[in-house]
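Heads up: the structure comes next, in structure tokens.
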Amino acid sequence: MPDPRAPRSAALWPVAAVSVGLALTACKSAKTTDMPDIEGWSLADIEAELEHNDAALSDAGIMIAAAATPPTITHGAPNIEPEVSDQAGGDEEPGEVDTEVDTEVDTEIEPEAAPESSPEPADAPSYAPAPMSEPMDYEVTRRSGRARRRDRVSARRRLAREDVPTRCERVCDLAESTCELEAQICNLAVRHPDEPRYEQACLRAEQQCAAASEACERCVD
Numbered sequence: 197m198p199d200p201r202a203p204r205s206a207a208l209w210p211v212a213a214v215s216v217g218l219a220l221t222a223c224k225s226a227k228t229t230d231m232p233d234i235e236g237w238s239l240a241d242i243e244a245e246l247e248h249n250d251a252a253l254s255d256a257g258i259m260i261a262a263a264a265t266p267p268t269i270t271h272g273a274p275n276i277e278p279e280v281s282d283q284a285g286g287d288e289e290p291g292e293v294d295t296e297v298d299t300e301v302d303t304e305i306e307p308e309a310a311p312e313s314s315p316e317p318a319d320a321p322s323y324a325p326a327p328m329s330e331p332m333d334y335e336v337t338r339r340s341g342r343a344r345r346r347d348r349v350s351a352r353r354r355l356a357r358e359d360v361p362t363r364c365e366r367v368c369d370l371a372e373s374t375c376e377l378e379a380q381i382c383n384l385a386v387r388h389p390d391e392p393r394y395e396q397a398c399l400r401a402e403q404q405c406a407a408a409s410e411a412c413e414r415c416v417d
């Protein structure tokens, strides 16, 4: 007597095979689209990734401009040579010179004593708090610039998307990954304001992102 469960089992095999295939495809797709998360990376790992990205950009023909060194400003007081008096020696008699000098000094000292109590220095501290807003403005400008660059790169990639990746598409792919790396590094730098190496890594990543974005925008296949 045939087993009544046999036809039912045979009918379920194609459905199971399709389900397994879709699951494997979804896992593979998720793996390829995941971006690296540098949240737990050390500074050495971040700097090594920047070195690797430098090499990738160089292989793609993208040159990174070096950061300009700000000029050194000295706040020392200027050297002023003392004036040489012309009244050191002459044909006049010493007695007459002493009498005239004493008279002029005695009459001019009292009127000049009043300006010494001028209240102008008391107003100086009111201008000190103004520069405190500059770091915040700089950070806002830097973040908005990163967002604009990422938007331009994404738009350029959508226009260049084809079945076979072109050179410009590869350049724009590299630009997008570079700018995403820059965003993560600079976010870490904001959370570590007392560590200068984070800020240096952020500036370096910004240079890479700017150069790669410009190369993507100007690329012509």
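According to the numbering used here, the stretch in the sequence shown is residues 197 to 417, in order. Ideal placement from N, C-alpha and C gives every residue a C-beta, glycine not left out.
Between A397 and E243 the beta-carbon gap is near 6 Å, inside 8 Å, which marks them as a contact. No Cβ-Cβ contact shorter than 8 Å links I234 with D250. The DSSP-derived three-state label of A385 is helix. L370 is a Cβ neighbour of L253, given a cutoff of 8 Å. The Cβ atoms of A256 and V416 do not sit closer than 8 Å to each other.
When the five nearest sequence neighbours on each side are left out, the beta carbons in the same chain lying within less than 6 Å of the beta carbon of L246 are those of R400, in order along the chain. For P392, the secondary structure class from DSSP, reduced to helix, strand or coil, is helix. Contact between Q404 and T362 fails: their C-beta atoms lie close to 22 Å from each other, not under 8 Å.
Following the DSSP letters along the chain, one finds A261 in no alpha helix (DSSP H), marked with neither H nor E. The DSSP-derived three-state label of C364 is helix.
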